[in-house]
Amino acid sequence: MLNLIKWLATMQVVTAATASRECHPQGPIFPRPRNLTNSATFKLALAKLTYVLDAAVQGNIKAGWDTRNVSMSIGLVSLGQDEPSVPAWEYHHLASGNVNGTKLLDRNSLYLIGSVSKVITDAIFLRSGVNADDPITKYLPSLNDPTSEVSWKDITLKSLAAQLSGIPPNYGFSEYYYLHQYFEYLGFPPLNATSAYANCSITGLNNACSRSEFLTGIIRHLHPVSPPNARPVYSNIAYTLLVYAIQIFTDVPSYAQLLHDLISAPLNLSSTFPSGSPQINDSLAVIPPVYNNWGGDYGDHTPGGGLVSSLSDLSSFLHSILAHKIFSSETAVRAWLQPHSFSGSENSFVGMPWEIFRPPPELLFPNNEKGRHTVTINAKDGAAYGYRARIAVIDEYGVGVVVLTAGDIDALGSVYDAVLSTLLPAIDDVAREETTLEYVGTFVSNHTKNGTEAGGVMTATVNMMDDGSSLQLTNLNRNGKDMLKAMKDIWAVTLGVFLPALNAETTWRIYPAEVVTAATDGDGGDDWKKEVVREDWRIWWDVKPADAETELPGKGLSVSDCQTWSFADWLYYGNEPMDRVVFIKDKASREVLGVDLPFLRTELMKKVKSL
Numbered sequence: 001m002l003n004l005i006k007w008l009a010t011m012q013v014v015t016a017a018t019a020s021r022e023c024h025p026q027g028p029i030f031p032r033p034r035n036l037t038n039s040a041t042f043k044l045a046l047a048k049l050t051y052v053l054d055a056a057v058q059g060n061i062k063a064g065w066d067t068r069n070v071s072m073s074i075g076l077v078s079l080g081q082d083e084p085s086v087p088a089w090e091y092h093h094l095a096s097g098n099v100n101g102t103k104l105l106d107r108n109s110l111y112l113i114g115s116v117s118k119v120i121t122d123a124i125f126l127r128s129g130v131n132a133d134d135p136i137t138k139y140l141p142s143l144n145d146p147t148s149e150v151s152w153k154d155i156t157l158k159s160l161a162a163q164l165s166g167i168p169p170n171y172g173f174s175e176y177y178y179l180h181q182y183f184e185y186l187g188f189p190p191l192n193a194t195s196a197y198a199n200c201s202i203t204g205l206n207n208a209c210s211r212s213e214f215l216t217g218i219i220r221h222l223h224p225v226s227p228p229n230a231r232p233v234y235s236n237i238a239y240t241l242l243v244y245a246i247q248i249f250t251d252v253p254s255y256a257q258l259l260h261d262l263i264s265a266p267l268n269l270s271s272t273f274p275s276g277s278p279q280i281n282d283s284l285a286v287i288p289p290v291y292n293n294w295g296g297d298y299g300d301h302t303p304g305g306g307l308v309s310s311l312s313d314l315s316s317f318l319h320s321i322l323a324h325k326i327f328s329s330e331t332a333v334r335a336w337l338q339p340h341s342f343s344g345s346e347n348s349f350v351g352m353p354w355e356i357f358r359p360p361p362e363l364l365f366p367n368n369e370k371g372r373h374t375v376t377i378n379a380k381d382g383a384a385y386g387y388r389a390r391i392a393v394i395d396e397y398g399v400g401v402v403v404l405t406a407g408d409i410d411a412l413g414s415v416y417d418a419v420l421s422t423l424l425p426a427i428d429d430v431a432r433e434e435t436t437l438e439y440v441g442t443f444v445s446n447h448t449k450n451g452t453e454a455g456g457v458m459t460a461t462v463n464m465m466d467d468g469s470s471l472q473l474t475n476l477n478r479n480g481k482d483m484l485k486a487m488k489d490i491w492a493v494t495l496g497v498f499l500p501a502l503n504a505e506t507t508w509r510i511y512p513a514e515v516v517t518a519a520t521d522g523d524g525g526d527d528w529k530k531e532v533v534r535e536d537w538r539i540w541w542d543v544k545p546a547d548a549e550t551e552l553p554g555k556g557l558s559v560s561d562c563q564t565w566s567f568a569d570w571l572y573y574g575n576e577p578m579d580r581v582v583f584i585k586d587k588a589s590r591e592v593l594g595v596d597l598p599f600l601r602t603e604l605m606k607k608v609k610s611l
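Quick look at the structure:
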């Protein structure tokens, strides 16, 4: 028995050396690139991507879709682009089979965007001012029917917007009565056309639902897929209900008017409107040769999947998100980009209504082992008959992606993957290049503070990690004393009593905190007369993984659980956190002028040389 126990323990060992321990703050590892479009690295990546896309549509390499029948518009949106509506890079292909509609495909051409509409509807929801925690029954009290299997009173507007209501995708729409003979041929029992089907929206049987028919039908016939807030369940009709509530709250009678007042007009989106509306212009439309549903009226289901838009409009929409200006505060935008639930996959999460993907770093950075890390992509996919669309926000880099296709819906996946795998590694390289140029160097100060020698003679050195994974402090010296070693000693005798110890060979990694504050003229000393901003970074404590001597099974299992986020701002000296590093930057040019370690009362340590 003892041998069996030892064998079990051995089989389940995960050592600190072999466990995957990617562990860093969520968000940017380096500041977002400021000069992306002028970077030679980025231009080379764009040239490569354009070359392979040309080769695919011209038949020189295998595309994976019928290039004669698939038109597309692709855009890379960047915070640094000259105009919100003009992507930093764009690519268009008008297929020879697309004989109807536009003859000149460009960023203003119109596509059906399917469920990308849900992101725009959620933006309407968040701009409307309605209380997200209100139950849907507050606005639609008829749903509070004891005969319904769905617990409507427990479904909030937020759960509808975040795919957490637990209700089914559709009512009526996903049944096709015209195939009933085929069903019977396959062995299904014959059904009565009057009593066995929903009373509206059945394709080939009856008309689209009116609002009253829809509400009556979902009370009587819907079966919950899950309890509210238990797990994500994709639902189109959730957005129909959400907009009903917004209309009642705002006293705006139509979704089209809500869209115009809260999104299209404020963001200048002239080409984003409901399919089937009078604004439809066939001469600008990208109309596929198969499964053509161009111009169809989605009625009350428009909020979940019935909008028309263009690359230009979606570029402006994404730019407003990346600039954190789509809502009244940056905080609201950051909250919108957070996940709300898990999807059941280690790489996928669900937001409101974002489909959040964190691809394995080895797949995203296959040719660049240096600095591989997990990147968070807030995407939303959409499909309509003959159309497929996807938008993505990669907030870490200040970029977004738009892919619009008309034709074979399978084309989008391979095109989108090509864009991500080609451009994101290059954008990551540009971020490292700019960071190295601007931040890496030696900083020196002999300032005193308030006429005392509190600051002392200070030297700090900022380097790029050898593996390219972050910046680090490699030297911090005050009056000949090694302050990095001092910080480690202080950790050991204070926090080390109840928190993990720091590694023997500690690396002092620093990451942007995304906290930037304005400072007054001359901040940092009388000899420095510039208008500046103070940009906070934080040390990410290099804690030692638990490595207890034990023969119990599962040894090392918790090593891969990154808990270092919980150690921020714990170590203090004189009411100042020891993990706070503040770069002083010119307000206009954003040039790094120096660095401040407030806990050492350094004020400004000027950058004297780059490394």
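Numbering (the UniProt record's numbering), first residue to last: 1 to 611. Backbone N, C-alpha and C define an ideal beta-carbon position, used for all residues, glycine too.
Check the DSSP bridge columns for residue i and list the partner residues they point to.
i                 : result
phenylalanine 583 : Glu535 and Val595
threonine 459     : Val444 and Asn477
histidine 92      : Ser73
tyrosine 387      : Ala384 and Ala406
aspartate 482     : Asn477
phenylalanine 357 : Ser348 and Ile377
methionine 605    : Val595
What does a CB cutoff of less than 7 Å around residue i pick up in its chain, not counting 5 residues either side in sequence?
i           : result
serine 159  : Ser165, Pro228 and Asn229
glycine 276 : Gly295, Gly296, Asp297 and Tyr298
leucine 269 : Ile263, Asp313, Ser316 and Phe317
lysine 607  : Gly441, Phe443, Val592, Leu593 and Gly594
glycine 27  : Glu396 and Glu514
alanine 123 : Ile263 and Ile326
Tell me the residue span of the beta strand (DSSP E) that contains residue i.
i            : result
leucine 471  : 471-478
alanine 56   : Taken as a continuous stretch (DSSP letters only), alanine 56 belongs to no beta strand (DSSP E), being part of the alpha helix (DSSP H) at 40-57.
arginine 509 : 508-518
Return the first residue and the last residue of the alpha helix (DSSP H) that residue i is part of.
i              : result
leucine 499    : It is not in any alpha helix (DSSP H) - leucine 499 carries neither H nor E in the DSSP assignment.
residue 636    : Residue coverage of the chain in this structure runs from 1 to 611, which leaves residue 636 outside it and unanswerable.
tyrosine 239   : 237-250
glycine 217    : 211-221
arginine 127   : 117-128
tryptophan 336 : 330-336
alanine 548    : No alpha helix (DSSP H) contains alanine 548, which DSSP labels as neither H nor E.
tyrosine 171   : That residue, tyrosine 171, is in no alpha helix (DSSP H); it is neither H nor E in DSSP.
serine 159     : 157-161
proline 303    : 302-305
Excluding five sequence neighbours on each side, which residues of the same chain lie with their C-beta closer than 8 Å to the C-beta of residue i?
i             : result
aspartate 134 : Thr156, Leu157 and Ala245
proline 415   : It is valine, not proline, that sits at residue 415 in the sequence shown. Result list for valine 415: Leu53, Met72, Ile74, Val403 and Thr405, in chain order.
Please report how far the alpha carbon of residue i lies from the alpha carbon of residue j, in whole angstroms.
i              : j              : result
tryptophan 152 : isoleucine 218 : 11 Å
glycine 468    : threonine 50   : 28 Å
aspartate 523  : isoleucine 377 : Because aspartate 523 sits at a pLDDT of 49, beneath the cut-off of 50, its placement in the model cannot be relied upon, and the point is left open.
glutamate 433  : glutamine 472  : 15 Å
methionine 11  : glutamate 549  : With a pLDDT of 36 at methionine 11, under the threshold of 50, the predicted position of this residue should be treated as unreliable, though the coordinate-derived value follows. Going from the Cα of methionine 11 to the Cα of glutamate 549 covers about 15 Å.
aspartate 154  : asparagine 144 : 10 Å
proline 577    : glutamine 58   : 59 Å
threonine 194  : serine 283     : 41 Å
valine 52      : lysine 43      : 14 Å
histidine 223  : glutamate 149  : 6 Å
proline 303    : leucine 242    : 9 Å
leucine 593    : asparagine 292 : 58 Å
histidine 93   : valine 393     : 23 Å
threonine 436  : proline 31     : 11 Å
threonine 272  : lysine 48      : 31 Å
asparagine 100 : isoleucine 113 : 18 Å
glutamate 438  : serine 589     : 11 Å
threonine 203  : tyrosine 255   : 24 Å
Residues in the same chain with beta-carbon distance under 6 Å from residue i, minus the five sequence neighbours each way, listed in chain order, please.
i                 : result
lysine 587        : Glu531, Val532 and Val533
cysteine 562      : Cys23
asparagine 69     : Ala95, Gly97, Pro289 and Gly407
phenylalanine 583 : Glu535, Val592 and Val595
asparagine 477    : Thr459
So is residue i buried or exposed if we call it buried at 16+ other beta carbons inside 10 Å?
i                 : result
glutamate 603     : buried
alanine 198       : buried
lysine 62         : exposed
residue 612       : Not covered by the structure: residue 612. The range shown for the chain is 1 to 611.
lysine 103        : exposed
glutamine 257     : exposed
phenylalanine 173 : buried
leucine 191       : exposed
tyrosine 182      : exposed
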